[in-house]
Amino acid sequence: MKVLVLNSGSSSIKYQLFETHDWAVRAHGAVARIGEALSEFKESWVDADGTRQTQHVERAIPSHRAGIDHIIASLRTNRVIGDISELAAIGHRVVHGGEHFKSPTIVDEAVVAAIRAVTPLAPLHNPANLEGIEVTRRLFPQVPSVAVFDTAFHQTMPRTAYRYALPEWLYLEHRIRRYGFHGTSHHYVAKRAAAMLGKPLEDCHLITLHLGNGASATAIRDGNSVDTSMGLTPLEGLVMGTRSGDLDPAILFYLAKNLGLEMTAIEDLLNRQSGLLGICGVNDMREIDRMAEDGDDRAELAIGITAHRIKKYIGAYYAELGRLDAIVFTGGIGENSMEIRCRACEGLETLGIKIDDRSNFCGEHRGERCISTPESQVRVLVIPTNEELEIAQQAFDATVGVARATQ
Ligand code: AMP
Numbered sequence: 021m022k023v024l025v026l027n028s029g030s031s032s033i034k035y036q037l038f039e040t041h042d043w044a045v046r047a048h049g050a051v052a053r054i055g056e057a058l059s060e061f062k063e064s065w066v067d068a069d070g071t072r073q074t075q076h077v078e079r080a081i082p083s084h085r086a087g088i089d090h091i092i093a094s095l096r097t098n099r100v101i102g103d104i105s106e107l108a109a110i111g112h113r114v115v116h117g118g119e120h121f122k123s124p125t126i127v128d129e130a131v132v133a134a135i136r137a138v139t140p141l142a143p144l145h146n147p148a149n150l151e152g153i154e155v156t157r158r159l160f161p162q163v164p165s166v167a168v169f170d171t172a173f174h175q176t177m178p179r180t181a182y183r184y185a186l187p188e189w190l191y192l193e194h195r196i197r198r199y200g201f202h203g204t205s206h207h208y209v210a211k212r213a214a215a216m217l218g219k220p221l222e223d224c225h226l227i228t229l230h231l232g233n234g235a236s237a238t239a240i241r242d243g244n245s246v247d248t249s250m251g252l253t254p255l256e257g258l259v260m261g262t263r264s265g266d267l268d269p270a271i272l273f274y275l276a277k278n279l280g281l282e283m284t285a286i287e288d289l290l291n292r293q294s295g296l297l298g299i300c301g302v303n304d305m306r307e308i309d310r311m312a313e314d315g316d317d318r319a320e321l322a323i324g325i326t327a328h329r330i331k332k333y334i335g336a337y338y339a340e341l342g343r344l345d346a347i348v349f350t351g352g353i354g355e356n357s358m359e360i361r362c363r364a365c366e367g368l369e370t371l372g373i374k375i376d377d378r379s380n381f382c383g384e385h386r387g388e389r390c391i392s393t394p395e396s397q398v399r400v401l402v403i404p405t406n407e408e409l410e411i412a413q414q415a416f417d418a419t420v421g422v423a424r425a426t427q
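Numbering (my numbering), first residue to last: 21 to 427.
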């Protein structure tokens, strides 16, 4: 059997097709610029004799429905799937599940309505995610569409971590609270960390750091998320590519009152013009590393603020957890930037955290690895994330679970 994973954005659909017997990726690709005059379709697949093939076409793909049609047609033409009945499930990434969804869920009408109900909490993401779901339910009603939520892993947080110190009615009537995101990634690397530590996830105390264009830290006690840095929206917490992360909320009043900025301008400023981009004019960490090496002071500051913020969260979450087995770095920056890893853990020796400089220098080795010294009480791990695999496995488990329950 196979599982198709779809990540539907406002003008794009990324996909991967997995074999369920060994979880190998048979095909992956993306449709980009949906609705524009010339959309882009990229696909890579492994053909019957094991050779990897690629294709890249540009043509008009007016809608998500046309995009998903195109993906399935191409998978069939390239003989990656024969009949649609080979699909055990279609797993959909859904950014926000609110408080309703604590686990992957097979989608029916009630689930669609519940995802729609939390759309005000993720107005940029949930509508596109829903669009993908509705298309696959219409096109392939015989294949379960499973929603896998970015927020679900964090639903184990205690209320002391998820409630803000705001008037109670804002929570009771409007569900304003911390939800957290990147849950699929934090959960995946936590499971891999447990395997590397050689003990059950249920016994692990971890701090997982997903550092990519978006970035978040999670405190994991006995395998469960007990705190995370992103909040009601993915704007809170660490410094990100273009997002500010933590701020004094009074800065917003200042911008409105003294600079006369409208709310939409402030939203844009904090989401798209801040973070690394705001500090040094560039949001690509590779470029920032090069600039800093060439002596650019603003690039140096961007790295410094980013690492300082990560270190603050490590300290806070260590205090929350009391005992710590490992810190896990993942995401484009976490997996690749030895500079950020080094600076975030610098000076934490008294907490039992010591990075080994040689192991931290990744060289050619880009897989899962331990980068702490043998004496370091807390292991420091680098684990490439694989959200698509996690979604595929969770979607498959959800359908198998239902099949078992109905037997
Ligand atoms: P992601 O959102 O997980 O794809 O991560 C994107 C971020 O990872 C960008 O800031 C990239 O510059 C950064 N990144 C990717 N490769 C490297 C690398 N080799 N060194 C430093 N940063 C990297």
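Using N, Cα and C, we set each Cβ at its ideal position, and we do this for glycine too.
- The three-state secondary structure of Trp43, taken from DSSP, is coil.
- Between the C-alpha atoms of Gly324 and Gly152 there is a straight-line separation of about 40 angstroms.
- Per DSSP, Lys219 is not a residue of any beta strand (DSSP E), being assigned neither H nor E.
- Between the stretch 391 to 411 and the stretch 339 to 352 there are three or more inter-stretch CB-CB distances shorter than 8 angstroms, so the stretches are counted as touching.
- Here the alpha carbon of Glu119 sits roughly 38 angstroms from the alpha carbon of Asn380.
- Sequence-distant Cβ neighbours of Ile411 in its own chain, meaning closer than 7 angstroms and more than five residues away, are Val25, Gly111, Arg113, Val168 and Thr204.
- Annotation for Asp247: the continuous beta strand (DSSP E) segment containing it runs Asn244 to Thr248.
- Pairwise C-beta distances place the stretch 88 to 98 out of contact with the stretch 173 to 189, as fewer than three of them are shorter than 8 angstroms.
- For Ala68, there is no enclosing beta strand (DSSP E), as DSSP marks it with neither H nor E.
- Per DSSP, Ile91 is one residue of the alpha helix (DSSP H) stretching across His84 to Thr97.
- Selection His48, Trp43 and Asp268 evaluated against Asn27 yields His48 as nearest (Cα-Cα).
- In chain order, the residues that have a beta carbon nearer than 6 angstroms to some heavy atom of the ligand AMP are Gly232, Asn233, Gly261, Asp304, Met305, Arg306, Asp309, Gly351, Gly352, Ile353, Asn356 and Ser357.
- Trp65 is classed as buried because its beta carbon has at least 16 other beta carbons within 10 Å across all chains shown.
- Counting only the Cα atoms, Val155 lies some 6 angstroms from Arg85.
- Taking 8 angstroms as the upper bound for CB-CB distance, Asp170 and Val115 are in contact here, some 5 angstroms apart.
- For Gly301 and Gly257, the gap between their C-alpha atoms comes out near 20 angstroms.
- Secondary structure at Val302: coil, using DSSP grouped into helix, strand and coil.
- Contact between Ala364 and Ile330 is confirmed by a C-beta separation of about 4 angstroms, below the 8 angstroms threshold.
- By the beta-carbon neighbour count (other beta carbons within 10 angstroms, threshold 16), Gln414 is buried.
- When C-beta atoms of the stretch 211 to 231 are compared with those of the stretch 189 to 197, fewer than three pairs fall below 8 angstroms, so the two segments do not count as touching.
- Gln414 sits in a helix when the DSSP states are folded into three classes.
- The straight-line gap separating the alpha-carbon atoms of Arg343 and Leu226 is approximately 9 angstroms.
- Taking Asn244 as the centre and dropping the five residues before and after it, the same chain places the C-beta of Thr176 closer than 6 angstroms to its C-beta, in chain order.
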